[in-house]
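In case it helps, this note's numbering puts the sequence shown at residues 37 to 449.
We treat Cβ as the ideally placed atom computed from N, Cα and C, and that holds for glycine.
Shown next, in structure tokens, is the structure this report addresses.
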Amino acid sequence: MTQPSTSLPPQVAIIGGGPAGLMAAEVLSQAGIKVDLYDGMPSVGRKFLLAGVGGMNITHSEAYPAFLSRYAERAPQIAPLLRSFGANALCQWIHDLGIETFVGSSGRVFPTDMKAAPLLRAWLKRLRDAGVVIHTRHRWLGWDHNGDLRVDSPEGEKTVQPDATLLALGGGSWSRLGSDGAWMLALEQRGVELAPLQPSNCGFEVQAWSELMVSKFAGSPLKNIAIGLNDDVPRLGECVITATGIEGSLIYALSAPIREAINQHGSATVHLDLLPGKPVDKIQSALSKPRGSRSMSKHLHSQLGLDGVKAALLRELTPANYFTDPALLAKAIKALPLTLVKNRPLDEAISSAGGVMFESLDERLMLKQLPGVFCAGEMLDWEAPTGGYLLTACFASGRAAGLGMVEWLKRKC
């Protein structure tokens, strides 16, 4: 790292044009620091824009204690970031860009037009007006033997000598949008402590569905169900049957413990409550009613409204003798065991776990092994469910890293 000039403002390099990198760029430029932002893609914010497809869920309105709990074992490290820039501050920041927000019925917060593109356009204009220079199609390659940044550009490889560097390179999912985890090797070679990248908010595979499940029900939504893992209280929601297993918001919410169970034991068994609104005794009573000449399928439909993909799952996962015993069948309907054996590939996941461990960073998010090099965003070792928690922590960590860089550069002057 070169020493900051006493006559010129410090110059920093930000590697990565997602929410974390852009937020740090805003903080630094407001402090009068010259910012060059490099991104390997033809435009910045690509994964951010993808997150806005179907509705830009920017954050969540739930109370802070519950909000913080979504970060599980990394809550202690995320807490100071959220205290400085949490959901309310993020909403105010969006409003300052001229974008209004509203709270949906689930507590999720959205821009009023539900789109990411207008927000990103307004933000990029603010950054460029503040003097931030954005270099697209510039891919970071690591460091050379002098400690300078190596950058592959349309004009060929070049070196950059900033006064400080922020790495905000994303995790390992959706590599076609730029988050490919290739940065892991460069940091590992520098002695930075890393946790392996793993899929988060992902789907899972079963050993094998029957041909009927694949041909008739792959892609079918499972609505108004509850899923539990181990002794945890089942969560209400919905998910989707796939050709290889199951995915969707309800499964994403449980993806971390399911993944860890598979890592430890080779499989994880979740229990599906197909009728969460009905107690088991009421279900047993309905099943015990005479069905006469009606088939069991028609009996399930007429007495419980159980048909379609739910009825198919019940057949798929329940021993045949259960269908002659109302007590056993009722218990199966309330806790249908589904064994998952494998997560879907990392590149399909919404986000990733693993990356730069917080133990490698100081309180400013600067790498202890590499003074002057900061990290933020999804490349840090944390994970959270969908619902606005991922984006909020990315924004918050980018802001914290930007403030940390400002402080560090002032001390260097």
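Note on geometry: alpha-carbon atoms of residue 72 and residue 444 lie some 18 Å from one another.
The alpha-carbon of residue 105 is positioned some 6 Å away from that of residue 111. In the same chain as residue 303, and ignoring 5 residues on each side of it, the C-beta atoms closer than 7 Å to its own belong to 375, 376, 377, in chain order. By the CB criterion at 8 Å, residue 122 and residue 83 fall outside the cutoff. Between residue 228 and residue 295, the alpha-carbon positions lie close to 25 Å from each other.
Beta-bridge partners of residue 184 (DSSP): none assigned. Judged by beta-carbon spacing, residue 144 lies beyond the 8 Å limit of residue 238, meaning their Cβ atoms are not closer than that value. The C-alpha of residue 231 is placed about 36 Å away from the C-alpha of residue 167.
By the Cβ neighbour-count rule, residue 269 is exposed, with fewer than 16 other Cβ atoms within 10 Å of its own. By the neighbour-count criterion, in which a residue is buried when 16 or more other Cβ atoms sit within 10 angstroms of its Cβ, residue 346 is buried. The region 201-216 makes contact with the region 403-416, as at least three CB pairs between them are under 8 Å.
The beta-carbon distance between residue 150 and residue 217, rounded to whole angstroms, is 30 Å. This is too long to meet the 8 Å contact definition. Between residue 360 and residue 372, the CB-CB gap reaches or exceeds 8 Å.
Around the beta-carbon of residue 318, fewer than 16 other beta-carbon atoms lie within 10 Å, marking it exposed. Within the model, the alpha-carbon separation for residue 131 versus residue 170 is close to 24 Å. When 384, 292, 158, 363 are compared, the shortest CA-CA separation from residue 108 is found for 292. In the DSSP annotation of this structure, the continuous segment of the beta strand (DSSP E) that includes residue 273 starts and ends at 271-277. For the set 187, 215, 259, the Cα lying nearest the Cα of residue 389 is the one of 215.
Three or more Cβ pairs drawn from the region 273-288 and the region 235-250 lie within less than 8 Å of each other, which places the two stretches in contact. For residue 195, the enclosing beta strand (DSSP E) covers residues 192-196. If you look at residue 75, you'll find it in the beta strand (DSSP E) that goes 70-75. When the Cα atoms are used, residue 415 and residue 69 turn out to be separated by approximately 24 Å. Counted as a single uninterrupted DSSP element, the alpha helix (DSSP H) harbouring residue 119 occupies residues 111-120.
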